[in-house]
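In this note's numbering, the protein residues as written are 7 to 52.
Right under this line is the structure:
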């Protein structure tokens with residue numbers, strides 16, 4: 007997952023708050039990894 011965390015994000019200290027909010031998150035990394043593994047990223051009904 008660490009490889010997917012990169013996702014092209016820039017160092018936060020160099021960005022404005024608005025730019026930081028648009029950066030990829032750990033959740034984005036998990037979704038990318040699940041997609042790569044062919045697994046669903048849809049929420050499960052509980």
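Idealized CB from N, CA, C, for every residue including glycine.
Of all the options the options, which has the alpha carbon lying nearest to the alpha carbon of residue i?
{"i": "residue 29", "options": "36, 39, 17 and 52", "result": "17"}
{"i": "residue 13", "options": "46, 39, 52 and 49", "result": "39"}
{"i": "residue 35", "options": "19, 24 and 47", "result": "47"}
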